[in-house]
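A quick write-up on the structure given underneath.
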């Protein structure tokens, strides 16, 4: 699982005009999954299921 920053640099994720994160493959807005035992949060695409870690 890559970080959100790395995915933005590699073009896996893009930002829309309101700075929301979107999956570049599907065009869907990413949802946030907060795991209580994890540092940061997980950003996931509801369409294709890819996940990226967002660190604080």
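Residue numbers (this note's numbering): 430 to 485. Yeah, the Cβ is synthetic: ideal placement off N, Cα and C, and Gly gets one too.
Per DSSP, the unbroken alpha helix (DSSP H) holding residue 437 starts and ends at 433-439. A residue is called buried when at least 16 other Cβ atoms come within 10 angstroms of its Cβ; residue 484 does not meet this threshold and is exposed. In the displayed model, residue 450 falls within a strand according to three-state DSSP. Exposure of residue 468 is indicated by the presence of fewer than 16 other C-beta atoms within 10 angstroms of its C-beta.
Excluding residues up to 5 positions away in sequence, 451 lie with their Cβ nearer than 6 Å to the Cβ of residue 445 in the same chain.
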